[in-house]
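These notes are about the structure you will find just below.
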Amino acid sequence: MKTTTIEFFREIKKSSGRFVSILFIVALGVAFFSGIRASEPDMRVTGDAYFDQANLMDIKVISTLGLTKDDVKAFEGLDSIEKAEGAYSGDFLNYDSEKQRALHVMSLSEDMNQITVTEGRLPEKSGECLADDESTYKVGDKIKLTSGTEDPVTDTLTTDELTVVGTGNSPYYISYGRGSTTIGNGSLSAFLVVPRETFTQDVYTECYLLVKGAKECIAYTDEYEDLIDDAMDDVKELSNDRGIIRRRELVDDATRELDQAKIDLKEGKAKAEQELSDAETQIADAESQLADAKEKIRSGRAQIEEAKNTLTQKQQELDQAKTQYADGVQQLQDGRAQYEAGKTAFEAGKPEAEQKITEGEAALEQIQAGIDICNNGLEALKDMCGNDESIYGNPDTEIGAQYAGLVQQLEGLEQQKTELSAQLQMAKDQLASAEQQFSDTKAALDASEAALASVPAQLTSGQEQINAGWQELSEKEQELEKGMSEITENENKISDAKQDLEEGRTKAAQDIADGEDKIADGEKKIDDIPEAEWYIYDRSTLPEYNGYGENADRMKAIGKVFPVLFFLVAALISLTGMTRMVEEQRVQIGTMKALGYRRSTIAMKYIGYAFLATITGSILGVLVGEKILPYIIIYSYGILYHHIPEILVPYVPSYGIMASAAAIACTLMATIFACYKELGAQPSELMRPPAPKIGKRVFLERIPFIWKRLNFSWKSTVRNLMRYKKRFFMTIFGIGGCMALMIVGYGLRDSVYEIADIQYSEIQLYDGQIVLQEDLNEQDREHLNTFLDTDKDVESYMDAYMKSITLKNGKKERQAYITVFGDVKNIGRYVDFHDRKSGEKFKLTDDGVIISEKTAKLLNAKVGDRITIPDEKNGDKELTISHICENYMGHYIYMTPAYYNKVFGTMPEYNSVLFETDDSYSQTQVEDVGEKIMKRDEVLSISYVHDIQEQLDEMLSSLNLVIIVLIISAGMLAFVVLYNLNTINITERQRELATLKVLGFYDGEVAQYVFRENILLTFIGAAVGVVLGKVLHLFTIQTVEVDAAMFGRSIYLPSFIYSLLFTVGFSLLINWIMYFKLKKINMVESLKSVE
-19 MKTTTIEFFR
-9 EIKKSSGRFV
1 SILFIVALGV
11 AFFSGIRASE
21 PDMRVTGDAY
31 FDQANLMDIK
41 VISTLGLTKD
51 DVKAFEGLDS
61 IEKAEGAYSG
71 DFLNYDSEKQ
81 RALHVMSLSE
91 DMNQITVTEG
101 RLPEKSGECL
111 ADDESTYKVG
121 DKIKLTSGTE
131 DPVTDTLTTD
141 ELTVVGTGNS
151 PYYISYGRGS
161 TTIGNGSLSA
171 FLVVPRETFT
181 QDVYTECYLL
191 VKGAKECIAY
201 TDEYEDLIDD
211 AMDDVKELSN
221 DRGIIRRREL
231 VDDATRELDQ
241 AKIDLKEGKA
251 KAEQELSDAE
261 TQIADAESQL
271 ADAKEKIRSG
281 RAQIEEAKNT
291 LTQKQQELDQ
301 AKTQYADGVQ
311 QLQDGRAQYE
321 AGKTAFEAGK
331 PEAEQKITEG
341 EAALEQIQAG
351 IDICNNGLEA
361 LKDMCGNDES
371 IYGNPDTEIG
381 AQYAGLVQQL
391 EGLEQQKTEL
401 SAQLQMAKDQ
411 LASAEQQFSD
421 TKAALDASEA
431 ALASVPAQLT
441 SGQEQINAGW
451 QELSEKEQEL
461 EKGMSEITEN
471 ENKISDAKQD
481 LEEGRTKAAQ
491 DIADGEDKIA
501 DGEKKIDDIP
511 EAEWYIYDRS
521 TLPEYNGYGE
531 NADRMKAIGK
541 VFPVLFFLVA
551 ALISLTGMTR
561 MVEEQRVQIG
571 TMKALGYRRS
581 TIAMKYIGYA
591 FLATITGSIL
601 GVLVGEKILP
611 YIIIYSYGIL
621 YHHIPEILVP
631 YVPSYGIMAS
641 AAAIACTLMA
651 TIFACYKELG
661 AQPSELMRPP
671 APKIGKRVFL
681 ERIPFIWKRL
691 NFSWKSTVRN
701 LMRYKKRFFM
711 TIFGIGGCMA
721 LMIVGYGLRD
731 SVYEIADIQY
741 SEIQLYDGQI
751 VLQEDLNEQD
761 REHLNTFLDT
771 DKDVESYMDA
781 YMKSITLKNG
791 KKERQAYITV
801 FGDVKNIGRY
811 VDFHDRKSGE
821 KFKLTDDGVI
831 ISEKTAKLLN
841 AKVGDRITIP
851 DEKNGDKELT
861 ISHICENYMG
871 HYIYMTPAYY
881 NKVFGTMPEY
891 NSVLFETDDS
901 YSQTQVEDVG
911 EKIMKRDEVL
921 SISYVHDIQE
931 QLDEMLSSLN
941 LVIIVLIISA
951 GMLAFVVLYN
961 LNTINITERQ
971 RELATLKVLG
981 FYDGEVAQYV
991 FRENILLTFI
1001 GAAVGVVLGK
1011 VLHLFTIQTV
1021 EVDAAMFGRS
1031 IYLPSFIYSL
1041 LFTVGFSLLI
1051 NWIMYFKLKK
1061 INMVESLKSV
1071 E
């Protein structure tokens, strides 16, 4: 082995501390540079690997008329599309423990958007679902769904109750956000996955597309974006033809339905007419039957009345018979008594009566004899005149006179006879009558007694018959009443039937008219059916997808600034180390040159030394840095994007080569420059110590008032600081650079963390924004305002108009939201306009607009400038900037309604409402208020300021670990820098320090002699670091910022304090380590002559 080679390795062994120090500081610089730079592509690779593994769609297509299977086939027919898959989705509400949740229900895809099951299994049949793993739903839970609208859930799904059979994650949602919705409180809480057959729609609600070659590209890169843009252009071009076809399909289907509706209407009209005619006939028949029934009822009632009269009469007769029976019984008793008394009296007077009768009969016989004589005489006279009445009837004749006399005599006798016969007969009759009467009376009494004996039975029978008659009448009356009720009921039915008939006739006429109107409307709607409008989205519309890419961009931005300064400090320290090494070994270089070694051979020792230390450090830095730092950073973002299962940290050769090449170039160039500077001198000159520099008076020596009051140690310290100017400035720059890096790290945390609180606590002061439905009329707005006025939970509200527009200033353009407030006087309750630096408050006037600070910066606009809103149709509109206000999130221009009218020539149509609740309300209470508002038909959606703030805090909190890595790395660099500079300082001044020991300085005094300089340089470097840190922080913030946001510009006092404490702490630690090195200085060896 050559002598130079042996000497090379001996040098490495002898100065292993310097070699390791250079190696380590290069490794640290290269590791930090390549690691931070590689974090951005590694984040993209990690995300892309997960997306590819899950077959996350590249493009999503939604159509206003739905998508058919033919549309899906048409997508697959495009050259740029690898696969297309139709899908269904919908938003629903679930109430759990009185808490409302908005859920996004989507169909299970066959090949795309693959679900990662964390528990249970995938749903297999209708009624089963897989729930979001981030939700509180567990396997076995039942989820009851409501639509949140007037439509039932079953219009969209086969069931309104789902059973959770598994939980999992979807590549659709890589973080906590689930997106927004138009129901509930406006925010989605979770997703559910169901089999396709759970949905009832005839057409797909959306279609997912995989782009050919997309998997070979890395997500979030320009190559991927360009590929997707080209594919979206193809899909957009296809949408024109498919939109026409879809419209034609709907027109044909609608026309067929309309033709069938016309036939149905005609048939329905004929059927209605027939049914109405039949109904009229039935009513007429029913009325006729009802009239007959009424007549029967009337006749029946008459018969009943007649029967009632008969029964009443019979009852009266029966009652009379009862009275008569009682009287008869009494009379019978009285008759028997009279009979017995009369018979006794009769028996006593009967003989006398019989005697008188006998005497009377004898007298009667005598009278009869006289009568016979007269009759005979009359007959004789008649015979005498030949029965000539004119003769015997004439009293004037003798015969007539005789005849008259006989007649008169006869009449007398006859009269006597009659009278006597009558008296006799009367007596006989009386006697016979009395006997007969007694006999009859007895017989009558017996008969009466016999007759009266059967009367009670007859009376009872008669009463029973009468009662039966009344019962029968009662039943007949009930039947009549029932019949009457039926008649009344039937009359009501007929009346109802007539009313139904009229209503039916009216309804039929109305239905026919409605049918005709619907047909007319249908014909008009068919004519008005638009071509299908397709909405084509890429992955950027997925919740948090862009956020992941933006975080990667932030790391890219950080990697452009922070590692560069870090690397420069490390490279400068390495350069200093090698320069000092060459300068220290000038005697050895002179000796080797005197011995005849060539310059290149001598230089190669140091170049090789520097190259080996640098290349080893670079390799170590790349191997470690590109694995550990990206992993830590991606892992820290994994707190936010925890659904991405595997972290990929492949080596990115370009950054490692870039960092290594820069480190090698810096070190080698410094080494070569130092070597050739020394090699240019003569050997004799090199083998002697360099002549000391000419002493100069330091600055403080020119101020006697101070200089005279300094003791020897402080004067030596001051002179030494100025004596070694290169070390002075190198130490200040090294410490200042590390201090600046730590300030930048802490400052990034301050700037990032403050924006959410400032934006939503000091600038935008409202609690939520209500987005209204389109085309609301004034009545709808009044109804909503009335509701908000009467809602005790709404503290105040204000109409607002918001619209996305393009702002232009020269060649610079920027998208922004134009915002017009309905109540200019109370704007201060909702938005605070002020200047970020001075805090000056602004008022919105009719003379111009207030523009957000970041927007003005991107447009390169200032107060008083006129910016333009391009409008090809109505002409460009110019706006005058009256103020520039502090704002961190989004781009806004604010104006009054009057200024809007002045610019656009019309008053704004307010499309949203800002509202605030009581300051004491919690987040949940504000959301409860929002739920009530969301139930209004006038409301489309609601966004809450606290939700935006939370999302922003979550997104920015993921930078916390990244910032900690930056701070720790800066601290490590500070430690290494201080160690290297102190090592060089002690090595350069070894003879000086040995001299101090010879002069009697104790170890502690020697250490104070050196450390006093170190501490002083530390504080000077820290002061420089504060200034440099503020400048670098501002530059870093402006570089790291994305266009959509502005980070804070402030660094808070604790950040300076922490940075200073770390710097001073490292300095004290290095001093403690160096103390033991100072103790090891050998006075004799150090004071040996170098010649």
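Mapping of the sequence shown onto my numbering: residues -19 to 1071, in sequence order.
In this text, a Cβ means the ideal position worked out from N, Cα and C, and glycines have one as well.
- Message: If the criterion is Cβ atoms closer than 7 Å, does the pair residue 98 and residue 147 meet it?
- Response: yes
- Should residue 746 and residue 606 be called a contact, given that it needs their Cβ atoms to be closer than 7 Å? no
- Query: On the three-pair Cβ rule with 8 Å, is the region 551 to 571 touching the region 638 to 648?
  - Reply: yes
- Apart from the five residues on each side of it in sequence, which residues of its chain come closer than 8 Å, Cβ to Cβ, to residue 252? 484, 488, 491, 492
- Task: Take the Cβ of residue 24 as the centre, count every other Cβ of all protein chains shown within 10 Å, and call the residue buried at 16 or more, exposed below.
- Result: buried
- Item | Rounded Cβ spacing between residue 70 and residue 136 (contact assumed at less than 8 Å) | 5 Å
- Identify, in the order they occur along the chain, each residue of the same chain with its Cβ nearer than 7 Å to the Cβ of residue -16, setting aside the five sequence neighbours on each side. 581, 585
- Item | Same chain, Cβ closer than 8 Å to residue 1, neighbours up to 5 away in sequence not counted | 557, 956, 959, 960, 963
- Of the listed residues 73, 728, 562, nearest to residue 940 (C-alpha basis): 728
- Query: So, using beta-carbon positions, are residue 610 and residue 19 closer together than 7 Å?
  - Reply: yes
- Check residue 751 in the structure and name its three-state DSSP category. strand
- Tell me whether the beta-carbon of residue 735 lies closer than 7 Å to the beta-carbon of residue 872. no
- Query: Looking at the structure shown, is residue 169 part of a helix, part of a strand, or coil, going by DSSP?
  - Reply: strand
- Message: Given this structure, state the Cα-to-Cα distance separating residue 945 from residue 845, to the nearest angstrom.
- Response: 43 Å
- Is the region 82 to 97 close to the region 196 to 214, with three or more CB pairs under 8 Å? no
- Query: Whose C-beta lies closer than 6 Å to the C-beta of residue 777 among residues of the same chain, with five residues either side of it excluded?
  - Reply: 768, 893, 895
- Return the chain-ordered ranges of every alpha helix (DSSP H) run that is complete within the region 824 to 894 and spans a minimum of 4 residues. 833 to 839, 877 to 884
- Message: Just to confirm, is the Cβ distance from residue 1074 to residue 200 under 7 Å?
- Response: Look at the range of the chain in this structure, -19 to 1071, and you will see that residue 1074 is not part of it.
- Item | Unbroken alpha helix (DSSP H) run spanning residue 1051, endpoints | 1033 to 1059
- Task: Helix, strand or coil for residue 648, going by three-state DSSP, please let me know.
- Result: helix
- For the region 30 to 49 against the region 172 to 185, are there 3 or more C-beta pairs whose distance is under 8 Å? yes
- Query: Which of the three DSSP states, helix, strand or coil, is assigned to residue 201?
  - Reply: coil
- Task: Report yes if the C-beta of residue 581 is less than 6 Å from at least one heavy atom of the ligand ATP; otherwise report no.
- Result: Absence of the ligand ATP is noted for the structure shown, with no ligands found whatsoever.
- Task: Could you check if residue -14 is buried or exposed, using at least 16 other CB atoms within 10 Å of its CB as the buried criterion?
- Result: exposed
- Please state whether DSSP places residue 148 in a helix, a strand or coil. strand
- Query: Where does residue 81 sit, in a helix, a strand or coil, going by DSSP?
  - Reply: strand
- State the DSSP-derived secondary structure class of residue 662, mapped to helix, strand or coil. coil
- Message: For residue 464 and residue 455, I'd like the C-alpha separation in whole angstroms.
- Response: 14 Å
- Message: Using C-beta distances below 8 Å, list every residue in its chain close to residue 52, excluding the 5 sequence neighbours before and after it, in chain order.
- Response: 64, 65, 66, 184, 187
- Should residue 264 go down as buried or exposed, given a rule of 16 or more other Cβ atoms within 10 Å for buried? exposed
- Item | Length-filtered (4 minimum) alpha helix (DSSP H) runs lying within the region 235 to 287 | none
- Message: According to DSSP, simplified to helix, strand and coil, what is residue 106?
- Response: coil
- If I'm right that residue 780 touches residue 801 with Cβ under 8 Å, what's the distance once you round it to whole angstroms? 6 Å
- Message: Which residue marks the beginning of the alpha helix (DSSP H) containing residue 66, and which one marks its end?
- Response: Run containing residue 66: none in the alpha helix (DSSP H); it sits in the beta strand (DSSP E), 61 to 67.
- Item | Bounding residues of the beta strand (DSSP E) (the contiguous stretch that carries residue 1026) | Unbroken run through residue 1026: none, as it is neither H nor E.
- residue 779 (DSSP reduced to helix, strand or coil): strand
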